Amino acid sequence: MKFFILGSLFVAAVAASLEQDAFQAFKLKQNKTYKTPVEETTRYGIFQAKLLEIEEHNSRFEQGLETYKKGVNKFSDWTHDEFKAYLGLHPKPAKLGKGIPYVKTGVSVPASVDWRTEGYVTGVKNQGDCGSCWAFSLTGSVEGALFKSTGKLVSLSEQQLVDCTYGTVNFGCDGGYLEETFPYIQETGLEAEASYPYKARDGTCKFDASKVVTKINDYVYWYGDEEALLEATATIGPISVAMDANYIDSYASGVFSSRLCSSDDLNHGVLVVGYGSENGVNYWLVKNSWAEDWGESGYLKLLRGQNECGIAEDDSYPIV
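Residue numbering for the sequence shown follows UniProt numbering, beginning at 1 and increasing consecutively.
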């Protein structure tokens with residue numbers, strides 16, 4: 001019995017040491033610093049719980065009980081409430097009476113599409129600590145439409161949207177809307193990222209009309225129709241979409257699905273850039289704005305065919 005107790009204590013000590021090593025590696029990789037020892041202790045406790053959750057989930061993945069893997073990333077010392085507060089999309093307001101409703105044509109679509117391979121998609125960006133996901137979703141769809149029209153791929157300015165629609169349409173780093181912002185782009189146009197760079201914070205509007213790269217002619221929208229999303233993605237290009245992102249913080253790879261995901265709590269703006277199948281599971285290929293060290297090099301594969309996480313509830317694309 002004595003030897004059993006000693007062995008158990010040794011195993012526990014080794015596990016604690018490995019967790020400490022993992023936490024130190026995490027802090028170094030993510031450039032994490034804490035203001036006080038108390039805060040560091042608190043964050044370490046959160047990290048320990050997340051690490052256990054990740055390990056248990058991935059064990060189920062190895063048994064074929066899950067379709068995706070989890071991993072340690074920049075959110076691994078955040079509470080669930082902190083992560084939810086970070087998500088920056090506001091529920092859609094009453095319709096503005098603008099835009100064009102999408103009409104399905106019944107066109108036959110290919111088994112898979114990836115607009116990245118066709119030149120429509122800029123590199124993965126990083127919204128930082130600013131709740132500006134909505135702006136990245138919008139610029140992504142306009143970048144794709146501009147490429148389709150001109151053959152030129154230009155990274156467009158999210159910071160312009162953050163600064164210049166604040167208080168009139170959106171709330172800057174405190175969130176915003178998708179299709180409701182298209183009229184601004186239609187009337188004003190967008191500068192390039194190069195002339196109006198991203199700062200990851202609210203700022204004063206510095207828009208320069210002489211530097212406009214593109215405007216849009218109109219935009220198309222639909223609600224609650226995943227078949228419309230499939231047809232539009234296959235035939236148009238990248239699509240701005242809203243989703244419930246409450247449970248994707250630890251996503252690492254594979255096809256994400258969750259019984260906790262809702263089609264009502266749309267709190268994150270992303271960009272659908274294609275679709276396909278993996279190990280017999282259909283997915284949407286989703287470009288996120290949390291840098292390349294999140295997910296699959298900045299991308300999420302989301303279960304397709306069940307309106308997972310409300311992916312078809314609030315969709316739109318611009319016409320250039």
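The beta-carbon is built from N, C-alpha and C at its ideal position, and this holds for glycine as well. For clarity, every value in this text was computed on a predicted model and none was experimentally measured.
Problem set entry | Extent of the continuous alpha helix (DSSP H) run through Trp134 | 133-150
For this session: Can you give me the start and stop residues for the beta strand (DSSP E) that Phe256 sits inside?
Result: 251-256
Problem set entry | Nearest-angstrom Cα separation, counted from Asp218 out to Thr41 | 52 angstroms
Exercise. Lys301 lies in the beta strand (DSSP E); which residues open and close that run?
Worked result: 299-303
For this session: For Leu285, write down the residues that DSSP places opposite it in a beta bridge.
Result: Gly274, Lys301
Problem set entry | CB-CB length for Ala135 against Val162, believed under 8 angstroms | 6 angstroms
Exercise. Can you name the start and end residues of the beta strand (DSSP E) that Pro318 belongs to?
Worked result: 315-319
Problem set entry | For Ile236, three-class secondary structure by DSSP | coil
Exercise. Should Phe10 go down as buried or exposed, given a rule of 16 or more other Cβ atoms within 10 Å for buried?
Worked result: Residue placement at Phe10 is poorly supported in this model, since its pLDDT is 42, which falls under 50; the coordinates still yield a value, given next. It is exposed - the Cβ of Phe10 has fewer than 16 other Cβ atoms within 10 Å.
For this session: For Val14, collect the residues of the same chain with a Cβ closer than 8 angstroms to its Cβ; drop the 5 residues on either side in sequence, then sort them by chain order.
Result: A caution first: Val14 carries a pLDDT of 45, below 50, which makes its placement in the model unreliable, though a value can still be read off. None.
Problem set entry | Candidates Trp284, Tyr86, Asn126, of which the one nearest Glu158 by Cα | Asn126
Problem set entry | Proximal residues to Leu190 (C-beta, below 8 angstroms), its chain only, five neighbours per side dropped | Thr139, Val142, Leu156, Ser157, Gln160, Leu161, Val212, Val213, Thr214, Lys215
Problem set entry | Simplified DSSP assignment, three categories, for Thr74 | Before going further, note that residue 74 is Lys rather than Thr in the sequence given. Reduced to three states, the DSSP call for Lys74 is coil.
Problem set entry | Sufficient close CB pairs (3 or more, under 8 angstroms) joining the region 241-257 to the region 266-276 | yes
Exercise. DSSP on Glu292, reduced to helix/strand/coil?
Worked result: coil
Exercise. For Ile54 versus Lys70, is the C-beta distance shorter than 8 angstroms?
Worked result: yes
Exercise. Hey, quick one: how far does the alpha helix (DSSP H) through Asp81 stretch, first residue to last?
Worked result: 80-86
Exercise. Quick one: what's got a C-beta closer than 7 angstroms to Glu19's C-beta in the same chain, skipping five residues either side?
Worked result: Gln48, Leu51
For this session: Pick helix, strand or coil for Asn58, following the three-state DSSP scheme.
Result: helix
For this session: Apply the 10 Å Cβ neighbour rule to Val113 and answer buried if 16 or more other Cβ atoms are within range, or exposed otherwise.
Result: buried
Exercise. Under a three-way DSSP split, which group does Pro101 fall into?
Worked result: strand
Exercise. Pick from Asn282, Asn279, Gly280, Gly298: whose alpha carbon is nearest that of Asn288?
Worked result: Gly298
Problem set entry | Burial state of Ala12, where buried means 16 or more other Cβ atoms lie within 10 Å | With a pLDDT of only 43 at Ala12, under the threshold of 50, the placement of this residue in the model should not be trusted, and no figure is reported.
For this session: Give the DSSP bridge partners of Thr214, in chain order.
Result: Leu190
Exercise. Mapping DSSP to helix, strand and coil, what is Leu28?
Worked result: helix
Exercise. Is the distance from the Cβ of Ser137 to the Cβ of Leu271 below 8 angstroms?
Worked result: yes
Exercise. From Val320 to Lys98, what does the alpha carbon distance come to, in whole angstroms?
Worked result: 16 angstroms
Problem set entry | Cβ separation of Pro318 and Trp222, assumed to be a contact under 8 angstroms, to the nearest whole Å | That belief does not hold up - the Cβ atoms of Pro318 and Trp222 are roughly 14 angstroms apart, past 8 angstroms.
Problem set entry | Buried/exposed call for Val38, threshold 16 Cβ in 10 Å | exposed
Exercise. If you draw a straight line from the alpha carbon of His90 to that of Gly176, how long is it in whole angstroms?
Worked result: 5 angstroms
Exercise. Roughly how many angstroms lie between the CA atoms of Ala291 and Lys104, to the nearest whole one?
Worked result: 34 angstroms
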